[in-house]
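Per the working numbering, residue 841 is the first one in the sequence shown, and the count goes up by one each step.
Quick reminder that beta carbons are idealized off the backbone N, C-alpha and C, glycines included.
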Amino acid sequence: SCYGLGPTDRLASVAPFHFDQSTFELFAAVAACATVVLVKEPLLKFPAELSSLVEREKISVWYSVPTILVHLLNRGALDRRDLSSLRWVLFGGEIFPSAALRELMGHLPNARFSNVYGPAEVNHCAHHHLEEPPGLDDSIPIGSAWNETRLRLVDDEANLVEGQGRGLLEVRTSTMMAGYWRQPALTAASISVETSPAGLTERWYRTGDIVERTADGLLHFRGRADRQTKIRGNRVELEAVEAAVSDAPNVLRCATVTVDSDDGARLVAVVEGQGELDPDEILASARASLPPYAVPTNIVVVDSLPRT
């Protein structure tokens, strides 16, 4: 009901079925008797063909990670397409650069835009509808909680952050996971179980996201409490990347960082070693143990890594 889906809508199914964004098309479209148009994965690498599909199939609702939308903006030939069928564009999974979002909204004046937030452990739990294009330096809010969802911020001592301020975001919702499959220690570390004064048990998921509540009551993502990052909407643990890169011959130490680019965040690995280091050989070694999105795009060789 939030997006007014109905039988005349045509939803683009962009996310793979193992990605939690796909549940929107799989369940909401069925409930609304809407049509789902499957987008084949290879098509995502050709933005002009992708925008042609949106025009040809008269897609009315789109939901994807911002990276794909940035590709459409930069290389999708939007000025040569009739995309008037698009009435709502949803995005989530990573930060959408405000300048790119502003430009995209200018290309799609008939569409509303919404930022959708929610880790896979709880699925979607917050959203923000943009009433107008953001300023060039504006932070895009993750918004406020959905129905049957409660959000709270806690500080380093697990005290509630009331009013304005920053804290770790915790979520309680009906769609929250039971736990991680066969990982009881990780489940215990990620879910807090509390008993309310009325004797009811409440389970809260600790997202690991640092969030700020501003004066208008909206929430803004400000970073992570750990070294997890997002590449094209996929979670990447920088420690895992560094371990894979360090397995390459002659690599002694590695530090991995994310760098912003026109196509979204990318990974760069800085390595220190002994003997001759071949960046191509290091990348080949990393590809053997990492999924494609977690492989660094660049290897930078230095004499020594700085240390504290």
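- Could you tell me which of V1097, D849 and A1025 sits nearest to E1077, measuring between CA atoms? Along the sequence shown, one-based indexing puts residue 1077 at 237. Comparing Cα positions, the closest option is V1097.
- By how many angstroms is the C-alpha of D996 removed from the C-alpha of I899? Looking up residue 899 in the sequence shown gives position 59. Looking up residue 996 in the sequence shown gives position 156. Approximately 45 Å between the Cα atoms of the pair.
- Any chance the stretch 1078 to 1086 sits against the stretch 1122 to 1132, with 3 or more Cβ pairs inside 8 Å? yes
- Cα separation between F859 and F931? The count along the sequence shown starts at 1 and reaches residue 859 at position 19. The count along the sequence shown starts at 1 and reaches residue 931 at position 91. So the two alpha carbons sit approximately 14 Å from each other.
- Message: Can you tell me whether H964 is helix, strand or coil according to DSSP?
- Response: In the sequence shown, residue 964 corresponds to position 124, counting from 1. H964 falls in the coil class under three-state DSSP.
- Query: For T875 versus L845, is the C-beta distance shorter than 8 Å?
  - Reply: Stepping through the sequence shown from its first residue, residue 875 is reached at position 35. Stepping through the sequence shown from its first residue, residue 845 is reached at position 5. Their beta carbons are not under 8 Å apart, which means T875 does not touch L845 by this criterion.
- Local conformation of I1031 per DSSP, three classes: For the purposes of this step, residue 1031 is identified with residue 191 of the sequence shown, where counting begins at 1. It is a strand residue.
- Task: Write down every uninterrupted run of the beta strand (DSSP E) in the stretch 888 to 974 whose length is 3 residues or greater and which is fully enclosed by it, in chain order.
- Result: 901 to 904, 928 to 931, 952 to 957 and 966 to 970
- Item | Paired residues, beta bridge with N1138 - DSSP | Counting from one through the sequence shown, the residue named residue 1138 turns up at place 298. Answer is V1108, bridged to N1138.
- Taking buried to mean at least 16 other C-beta atoms within 10 Å of its own C-beta, is G946 buried or exposed? Numbered from its first residue, the sequence shown carries residue 946 at position 106. That one is exposed.
- Per-residue DSSP class, three states only, for V1085: Indexing the sequence shown from 1 puts residue 1085 at position 245. Helix at V1085.
- Message: Give me the residue from T1027, G983, Q861 and A1095 with the minimum Cα distance to V1051.
- Response: The sequence position of residue 1051 within the sequence shown is 211, counting from 1. Comparing Cα-Cα distances from V1051 to each of T1027, G983, Q861 and A1095, the minimum goes to G983.
- Task: Could you tell me whether the stretch 1015 to 1032 touches the stretch 1042 to 1062, where touching means 3 or more Cβ pairs closer than 8 Å?
- Result: yes
- What first and last residue would you give for the beta strand (DSSP E) that runs through S1014? One-based indexing of the sequence shown puts residue 1014 at position 174. Neither: S1014 is in no beta strand (DSSP E) and is coded neither H nor E.
- Query: Is the number of C-beta pairs between the stretch 1059 to 1076 and the stretch 1102 to 1115 that are closer than 8 Å three or more?
  - Reply: yes
- Query: Is any beta-carbon of chain D found at less than 8 Å from that of E988?
  - Reply: Among the protein chains of the structure shown there is no chain D, as only one such chain exists.
- Environment of L1145 [buried if 16+ CB atoms lie within 10 Å]: Residue mapping note: residue 1145 aligns to position 305 of the sequence shown, counting from 1. When all chains shown are included, L1145 counts as exposed.
- Message: According to DSSP, simplified to helix, strand and coil, what is Y1045?
- Response: Within the sequence shown, residue 1045 is the residue found at index 205, counting from 1. Reduced to three states, the DSSP call for Y1045 is strand.
- Message: I'd like to check one pair, N1090 with E1116: are the Cβ atoms closer than 8 Å?
- Response: By 1-based counting over the sequence shown, the position of residue 1116 is 276. By 1-based counting over the sequence shown, the position of residue 1090 is 250. Yes, the pair counts as a contact, with Cβ atoms nearer than the cut-off.
- Task: Pick helix, strand or coil for S1125, following the three-state DSSP scheme.
- Result: Counting from 1 along the sequence shown, the entry for residue 1125 is found at position 285. In this structure, S1125 counts as helix in the three-state DSSP scheme.
- Reduced DSSP category for V854 - H, G, I as helix; E, B as strand; rest coil: Sequence index remark: in the sequence shown, residue 854 carries index 14 (1-based). Note: V854 maps to coil in three-state DSSP.
- Start-to-end residues for the beta strand (DSSP E) that takes in Q1068: As a working mapping, residue 1068 is identified with position 228 in the sequence shown. That run of the beta strand (DSSP E) goes Q1068 to I1071.
- Query: Taking the alpha-carbon positions, what's the A872 to V1142 distance?
  - Reply: Reading the sequence shown from its first residue, position 32 is the one you call residue 872. Reading the sequence shown from its first residue, position 302 is the one you call residue 1142. Cα to Cα, A872 sits roughly 56 Å from V1142.
- Is it right to say N1150 is buried, meaning 16 or more other beta carbons lie within 10 angstroms of its own, or is it exposed? Not covered by the structure: residue 1150. The range shown for the chain is 841 to 1148.
- Query: In the structure shown, what three-state DSSP assignment does T863 receive?
  - Reply: Here residue 863 refers to the residue found at position 23 when the sequence shown is read from its first residue. Correct three-state label for T863: helix.
- Going by CA-CA distance only, name the one from L1130, A960, G1039 and F1061 that's closest to A1080. For this step, residue 1080 is matched to residue 240 along the sequence shown. The shortest C-alpha separation from A1080 is found at L1130.
- Residue burial classification, F857 (beta-carbon count within 10 angstroms, cutoff 16): Indexing the sequence shown from 1 puts residue 857 at position 17. Classification for F857: exposed.
- What is the residue span of the beta strand (DSSP E) that C1094 lies within? For the purposes of this step, residue 1094 is taken as residue 254 along the sequence shown, with counting starting at 1. Segment V1091 to S1101, the beta strand (DSSP E) holding C1094.
- Secondary structure at A872, three-state DSSP: helix, strand or coil? Locating residue 872 in the sequence shown gives position 32, where the first residue counts as 1. It is coil, neither helix nor strand.
- Query: Taking just the CA atoms, how far does S841 sit from F886?
  - Reply: Numbered from its first residue, the sequence shown carries residue 886 at position 46. Numbered from its first residue, the sequence shown carries residue 841 at position 1. Each residue's alpha carbon lies about 33 Å from the other.
- Check each candidate in L1040, L948, L991 and A939 and name the one with the smallest Cα separation from A917. Taking the sequence shown and counting its residues from 1, the one referred to as residue 917 is at position 77. Of the candidates L1040, L948, L991 and A939, the one whose C-alpha sits nearest the C-alpha of A917 is L948.
- Going by alpha carbons, who is nearest to S1172 out of S862, H964, Q1004 and I1122? This structure does not reach residue 1172, given that the chain is present from 841 up to 1148, and the question cannot be answered.
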